[in-house]
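Engineer:
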Amino acid sequence: MTIGVLAVQGDVREHLRTLAHLGVAGHLVLRPEHLVGLDGIILPGGESTAMWRLMTRAGLASPLRESLVAGLPAFGTCAGIILLSREITNWPETFFGVLDIAVERNATGRQVDSFEGSVAANGLGEVPAVFIRAPLVRRMGPQVEVLALLGDAPVLVREGNVLAASFHPELTGDARVHELFVQICEKGER
Amino acid sequence: MDKGTYRVKTGFAEMFKGGVIMDVTTADQACIAEEAGAVAVMALERVPADIRAQGGVARMADPVRIKEIQAAVSIPVMAKARIGHFAEARILEALGVDFVDESEVLTPADPFYHIDKWAFKIPFVCGCRDLGEAARRIAEGAAMIRTKGEAGTGNVIEAVRHMRLLNDQIRRLTGMSKAELVTYGKEIGAPAEVLELIQAEGRLPVVNFAAGGIATPADAALMRLLGCDGVFVGSGIFKSADPEKRAQAIVMACTHYDDPKVLAEVSAGLGEAMPGIPIETIPDQELMQHR
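Residue numbers (my numbering), protein chains in the order written: chain A, 1 to 190; chain B, 1001 to 1291.
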């Protein structure tokens, strides 16, 4: 099992630590050649605009998009869900656009309104969740499955091989959401 | 759901890792920083080089200035409060600033104490020159640390000095027995509880950026190679000949710090860097790092 973690910027270390907890070695993805042989990729938390600019300038955005379109399993947290989504309601760009949802950036407000708690996730039980200037899903396509809600807003969603969270499971020490992603990668529905 | 917990504060800082936080004084500069790939901007009235040149008392920025910058960008907006000035910090919290820098670049307000940062819902970043200072700030509730360097000089030597000192002290700490740790804590003025955390992890328990004198992509790469998680660039960008190009180059260098080919590419043709100041020409009482 070879899972990459996009490492241009963000909380890469926390994802690597969570993968290690599951006995999976994470591989840093900084350049196009790092995409070779991956069974899945994690797009971590960070600043989506900064990550996108860095990927574009390193020639990584196009080959990674091709891999995602070809079915490479992907798991995005916070900035990661923004990078994966088809539409951003309050931003002029879209990034990879492989997940049929519309997200609102910084939907939970500024840092003073960031919070932690837990959400009930389908099949996983109550998982701890840290929401930081979090994006929220505002619309989604029929193929998208909601795995957890915060009020009315989906915060953990899945469409085929793509898993995405508004929150940061990697900050909590609980590896259940990552475990689900590892299972998706193992099935390898590519 | 709980707001403003320590995990929410330190977790936010984790998101900056590998990134560049840029000082900006206008909405236009903030847009340039965002477009260049900054992970946050620091809203300021004057950049450190101008504070140094103009003298006088440097204070928190005008809320009008901060609001303009908040309205202009989607990335987090930080702002500086004077050391110990918890009223300024409360104003910044009320403005919805994402992170407060309790900064030696401004004129200190309290000769005795730093701000009690546990009393706030928003996170704080504080400067340090060594392990003792870092541990004290963490004990006061800082959610992020930055080595101080010497702001506004365009001279990286002090940033390197502080990072080297911190690394050396953490290395020594990891080999110490409990008894040695307590005595060492007394020597460097650091609470033993914080030192225990640092000893267990072999690093600071919060994100650590480098600051103070970073002016080129190579400077950013050097600081990353020495082990910091990212960099603050103050005067280095908007006091240079081509801020847009330099900002992009420093962002690339901060990510690809271990790839000299990328560094060579992004370092080429950036125009004049900010004029630098040799540290030995600055009178001791004008050094910001001693604050």
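Positions of the beta carbon are idealized from the N, C-alpha and C atoms, including for glycine. The model shown is predicted, which means the values in this text are computed figures rather than measured ones.
Helix, strand or coil, according to DSSP, for residue 78 (chain A) in the structure here?
Structural biologist: Taking the first sequence and counting its residues from 1, one reaches residue 78 (chain A) at position 78. Here residue 78 (chain A) sits in coil by DSSP.
Engineer: On the DSSP bridge list, what partners appear for residue 1128 (chain B)?
Structural biologist: As a first step, residue 1128 (chain B) must be located in the second sequence, where it is residue number 128. Partner(s): B:1147.
Engineer: Quick one: is residue 74 (chain A) buried, meaning 16 or more other Cβ sit within 10 Å of its Cβ, or exposed?
Structural biologist: Looking up residue 74 (chain A) in the first sequence gives position 74. Buried, because 16 or more other Cβ atoms sit within 10 Å of the Cβ of residue 74 (chain A).
Engineer: I need the straight-line Cα distance from residue 176 (chain A) to residue 18 (chain A), nearest angstrom please.
Structural biologist: Counting from 1 along the first sequence, the entry for residue 176 (chain A) is found at position 176. Counting from 1 along the first sequence, the entry for residue 18 (chain A) is found at position 18. C-alpha separation (whole angstroms): 9 angstroms.
Engineer: Identify which residue in B:1225, B:1196, B:1220, B:1229 has its Cα closest to the Cα of residue 1237 (chain B).
Structural biologist: Residue 1237 (chain B) sits at position 237 when you count from the first residue of the second sequence. Of the candidates B:1225, B:1196, B:1220, B:1229, the one whose C-alpha sits nearest the C-alpha of residue 1237 (chain B) is B:1220.
Engineer: Report yes if the C-beta distance between residue 10 (chain A) and residue 40 (chain A) is below 8 angstroms; otherwise report no.
Structural biologist: Position 10 of the first sequence, counted from the first residue, corresponds to residue 10 (chain A). Position 40 of the first sequence, counted from the first residue, corresponds to residue 40 (chain A). The answer is no: Cβ separation not under 8 angstroms.
Engineer: When burial is assigned at 16 or more other CB atoms within 10 Å of the CB, is residue 1117 (chain B) buried or exposed?
Structural biologist: The residue given as residue 1117 (chain B) occupies position 117 in the second sequence. With 16 or more other Cβ atoms within 10 Å, it is buried.
Engineer: With which residues is residue 139 (chain A) paired in a DSSP beta bridge?
Structural biologist: Numbered from its first residue, the first sequence carries residue 139 (chain A) at position 139. According to DSSP, residue 139 (chain A) bridges with A:102.
Engineer: Between the region 39-57 of chain A and chain B, which residues of the former have a C-beta closer than 7 angstroms to a C-beta of the latter?
Structural biologist: Under the 7 angstroms Cβ criterion, the region 39-57 of chain A contributes 45, 46, 47, 49, 50, 53, 54, 57.
Engineer: Sorted by chain position, which residues of the same chain lie with C-beta nearer than 8 angstroms to residue 20 (chain A)'s C-beta, five sequence neighbours on each side aside?
Structural biologist: Position 20 of the first sequence holds residue 20 (chain A). Once the five neighbours on either side are set aside, the close Cβ partners of residue 20 (chain A) are 26.
Engineer: Counting only Cβ pairs nearer than 8 angstroms, list the residues of chain B close to residue 235 (chain A).
Structural biologist: Chain A is shown from 1 up to 190; residue 235 (chain A) falls before or after that span and cannot be answered.
Engineer: Which bits of chain A does residue 1122 (chain B) rub up against, with CB to CB less than 8 angstroms?
Structural biologist: Locating residue 1122 (chain B) in the second sequence gives position 122, counting from the first residue. Under the 8 angstroms cutoff, chain A gives 111, 112.
Engineer: How about residue 1123 (chain B) and residue 1003 (chain B): do their beta carbons lie closer than 8 angstroms?
Structural biologist: Here residue 1123 (chain B) refers to the residue found at position 123 of the second sequence. Here residue 1003 (chain B) refers to the residue found at position 3 of the second sequence. It is not a contact, given that the beta carbons lie outside the stated cut-off.
Engineer: At least one CB of chain B closer than 8 angstroms to the CB of residue 34 (chain A): is that the case?
Structural biologist: Taking the first residue of the first sequence as position 1, residue 34 (chain A) is located at position 34. No, residue 34 (chain A) does not count as interfacial toward chain B.
Engineer: Over the uninterrupted beta strand (DSSP E) stretch that includes residue 1167 (chain B), give me the two end residues.
Structural biologist: Position 167 of the second sequence holds residue 1167 (chain B). Element bounds for residue 1167 (chain B): not the beta strand (DSSP E) but the alpha helix (DSSP H), 1157-1174.
Engineer: On the DSSP letters alone, give me the boundaries of the alpha helix (DSSP H) that residue 65 (chain A) sits inside.
Structural biologist: Taking the first sequence and counting its residues from 1, one reaches residue 65 (chain A) at position 65. Start and end: 61-69.
Engineer: Determine whether the beta carbon atoms of residue 1259 (chain B) and residue 110 (chain A) lie at a separation below 8 angstroms.
Structural biologist: Against the second sequence, residue 1259 (chain B) aligns to sequence position 259. Against the first sequence, residue 110 (chain A) aligns to sequence position 110. Going by C-beta atoms, residue 1259 (chain B) is not nearer than 8 angstroms to residue 110 (chain A).
Engineer: With a threshold of 8 angstroms between beta-carbons, can residue 21 (chain A) be considered close to chain B, or not?
Structural biologist: Residue 21 (chain A) sits at position 21 when you count from the first residue of the first sequence. Cβ-Cβ to chain B under 8 angstroms: no for residue 21 (chain A).
Engineer: What does residue 11 (chain A) reach in chain B if we use C-beta pairs closer than 7 angstroms?
Structural biologist: Taking the first sequence and counting its residues from 1, one reaches residue 11 (chain A) at position 11. Going along chain B in sequence order, the residues near residue 11 (chain A) (Cβ under 7 angstroms) are 1014, 1015, 1017.
Engineer: Relative to the C-alpha of residue 155 (chain A), which candidate in A:103, A:34, A:44 has its C-alpha closest?
Structural biologist: Here the question's residue 155 (chain A) lines up with position 155 in the first sequence. Considering only alpha carbons, the answer is A:103.
Engineer: Between which two residues does the alpha helix (DSSP H) containing residue 1238 (chain B) stretch?
Structural biologist: Against the second sequence, residue 1238 (chain B) aligns to sequence position 238. First-last of the alpha helix (DSSP H) with residue 1238 (chain B): 1235-1238.
Engineer: Anything in chain B within Cβ reach of residue 106 (chain A), meaning under 7 angstroms, just list it in chain order.
Structural biologist: Taking the first residue of the first sequence as 1, we reach residue 106 (chain A) at position 106. Those within 7 angstroms of residue 106 (chain A) in chain B are 1074.
Engineer: For residue 43 (chain A), does the three-state DSSP call read helix, strand or coil?
Structural biologist: Position 43 of the first sequence, counted from the start, is the residue given in the question as residue 43 (chain A). Correct three-state label for residue 43 (chain A): strand.
Engineer: For the 8 angstroms Cβ check, are there 3 or more pairs between the region 1063-1081 of chain B and the region 1025-1033 of chain B?
Structural biologist: Yes: at least three Cβ pairs fall under 8 angstroms.
Engineer: Using the beta-carbon of each residue, which ones in chain A are nearer than 9 angstroms to residue 1251 (chain B)?
Structural biologist: Locating residue 1251 (chain B) in the second sequence gives position 251, where the first residue counts as 1. 9, 50, 53, 54, 57, listed in chain order.
Engineer: Closer than 7 angstroms by C-beta to residue 1282 (chain B): which residues in its own chain qualify, once you throw out the five before and the five after it? Chain order, please.
Structural biologist: Residue 1282 (chain B) sits at position 282 when you count from the first residue of the second sequence. No residues qualify anywhere along the chain.
Engineer: Please name the residues in the region 1031-1043 of chain B whose beta-carbon is closer than 8 angstroms to at least one beta-carbon of chain A, in chain order.
Structural biologist: Residues 1034, 1035, 1036, 1037, 1038, 1039, 1040.
Engineer: Roughly how many angstroms separate the alpha carbons of residue 84 (chain A) and residue 161 (chain A), rounded to a whole number?
Structural biologist: Position 84 of the first sequence, counted from the first residue, corresponds to residue 84 (chain A). Position 161 of the first sequence, counted from the first residue, corresponds to residue 161 (chain A). The alpha-carbon atoms of residue 84 (chain A) and residue 161 (chain A) are separated by roughly 12 angstroms.
Engineer: Need the endpoints of the beta strand (DSSP E) that residue 178 (chain A) sits in, please.
Structural biologist: By 1-based counting over the first sequence, the position of residue 178 (chain A) is 178. That residue, residue 178 (chain A), is in no beta strand (DSSP E); its alpha helix (DSSP H) goes 176-187.
Engineer: Buried or exposed for residue 55 (chain A), please, with buried defined as at least 16 other CB atoms from any protein chain shown within 10 angstroms of its CB.
Structural biologist: Position 55 of the first sequence holds residue 55 (chain A). Result: buried.
Engineer: With a threshold of 8 angstroms between beta carbons, is residue 1216 (chain B) in contact with chain A?
Structural biologist: Against the second sequence, residue 1216 (chain B) aligns to sequence position 216. Chain A, which has no Cβ nearer than 8 angstroms to the Cβ of residue 1216 (chain B), makes this no.
Engineer: Out of curiosity, what's the CA-to-CA distance linking residue 63 (chain A) and residue 1224 (chain B)?
Structural biologist: Taking the first sequence and counting its residues from 1, the one referred to as residue 63 (chain A) is at position 63. Taking the second sequence and counting its residues from 1, the one referred to as residue 1224 (chain B) is at position 224. Rounded to whole angstroms, residue 63 (chain A) to residue 1224 (chain B) spans 27 angstroms at the Cα level.
Engineer: Does the region 1051-1062 of chain B touch the region 1244-1261 of chain B, meaning 3 or more C-beta pairs lie closer than 8 angstroms?
Structural biologist: As far as the Cβ criterion goes, the region 1244-1261 of chain B does not touch the region 1051-1062 of chain B, which means the pair count is below three.
Engineer: Anything in the region 1209-1236 of chain B with a Cβ closer than 7 angstroms to a Cβ of chain A? List those residues in chain order, please.
Structural biologist: Residues passing the 7 angstroms Cβ filter: none.
Engineer: Any contact of the region 1039-1054 of chain B with the region 1141-1152 of chain B, i.e. 3+ C-beta pairs under 8 angstroms?
Structural biologist: Touching, yes, given that three or more Cβ pairs across the two stretches are closer than 8 angstroms.
Engineer: Apart from the five residues on each side of it in sequence, which residues of its chain come closer than 7 angstroms, Cβ to Cβ, to residue 1014 (chain B)?
Structural biologist: As a first step, residue 1014 (chain B) is located in the second sequence; it is residue number 14 there, counting from the start. The residues are 1207.
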